[in-house]
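Protein chains in written order, with the numbering used here: chain A, 1 to 120; chain B, 1001 to 1112.
All remarks here apply to the structure that follows.
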């Protein structure tokens, strides 16, 4: 099966410019995640969607970052305006979700190749 | 904060077993241990996960101690292509959903 697709793979912008990243999850995966990975650190969750609804955006800097998943399939993450400290790899992941005994279960997350952003 | 601690780096000779340790002393009874690896310039790749019992798949084996406070990922015959950063993650329940909290991982270098 096809994996998680992301584009672009690389982006260089100047500070205060805007940028958008796109993610297409694995077919049938209801849960989609955006992570930020700064050089030398592990990925940090920014936002989690279940279908087209936001489940967790507690770590998303909402003054400059926004994300949407309008039709519950692909998603875009936007930064406006960008700061130098936003230079990082932005990873998208998806997982299959099921429901049993009144609870939601997310299965293993599968990651895309990431978008490497450099803000000058 | 991450619920796991790992050594920052390890070396392993090609063809030998690589044993990567992970401490997760505050793990709760229903929290799974996941392992991923990240090869340079790629996204994290799923390796294996487990709850209580030892697990094995085509990539690796996962040994979880009886008290579940630590685990070891075993790559039985390491190759140069196994050089990567290995992340041990405890999947935590949070506000009706599950999330991974990554630490800084172990940088494994397989030596020829």
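Glycine residues also receive a C-beta, built at the ideal position from the N, C-alpha and C atoms.
Keep in mind that this is a model prediction, so the values were computed, not measured.
Compute the Euclidean distance between the alpha carbons of residue i and residue j, then round it to the nearest angstrom.
i              : j              : result
residue 14/A   : residue 119/A  : 5 Å
residue 27/A   : residue 1010/B : 37 Å
residue 1056/B : residue 65/A   : 40 Å
residue 72/A   : residue 1112/B : 46 Å
residue 1093/B : residue 60/A   : 19 Å
residue 1132/B : residue 43/A   : Summary: the structure shown does not reach residue 1132/B, with chain B confined to residues 1001 through 1112, and so no result is reported for it.
residue 1063/B : residue 1074/B : 8 Å
residue 80/A   : residue 53/A   : 22 Å
residue 9/A    : residue 36/A   : 14 Å
residue 34/A   : residue 1020/B : 27 Å
Looking only at its own chain, which residues have a Cβ that is under 6 Å from the Cβ of residue i, when we skip the five neighbours before and after it?
i              : result
residue 25/A   : 4, 32 and 94
residue 1044/B : 1036 and 1038
residue 1012/B : 1018, 1078 and 1110
Starting from residue i and walking both ways along the beta strand (DSSP E), at which residues does that stretch end?
i              : result
residue 1021/B : 1018-1023
residue 1027/B : Segment: none, residue 1027/B is in no beta strand (DSSP E) and carries neither H nor E.
residue 76/A   : 75-79
residue 84/A   : Where residue 84/A is concerned, there is no enclosing beta strand (DSSP E), given that its DSSP letter is neither H nor E.
residue 1047/B : 1045-1050
residue 49/A   : 44-50
residue 56/A   : 53-56
residue 5/A    : 5-7
residue 66/A   : 65-68
residue 117/A  : 115-119
residue 1011/B : 1009-1013
residue 11/A   : 10-13
Suppose the cutoff is 7 Å on Cβ atoms and the five residues either side in sequence are ignored; what does the same chain contact list for residue i look like?
i              : result
residue 1082/B : 1018, 1075, 1108 and 1110
The segment 1095-1110 of chain B contacting the segment 1075-1087 of chain B, beta-carbon criterion three pairs below 8 Å:
Verdict: yes, contact present.
Are the segment 82-90 of chain A and the segment 1010-1025 of chain B in contact at 8 Å, needing three or more beta carbon pairs?
Note that the segment 82-90 of chain A does not touch the segment 1010-1025 of chain B; fewer than 3 beta-carbon pairs, one per stretch, sit closer than 8 Å.
Quick check: the segment 1067-1083 of chain B against the segment 1022-1040 of chain B, are at least 3 beta-carbon pairs closer than 8 Å?
Contact holds: three or more Cβ-Cβ distances are below 8 Å.
Counting pairs of Cβ atoms below 8 Å between the segment 1044-1053 of chain B and the segment 1029-1036 of chain B, do you hit three or more?
By the Cβ criterion, the segment 1044-1053 of chain B is in contact with the segment 1029-1036 of chain B, since at least three pairs of Cβ atoms, one from each stretch, lie closer than 8 Å.
May I have a chain-ordered list of the beta strand (DSSP E) segments no shorter than 3 residues that lie completely inside the segment 1052-1111 of chain B?
The qualifying runs are 1061-1064, 1070-1075, 1084-1094, 1097-1100 and 1106-1111.
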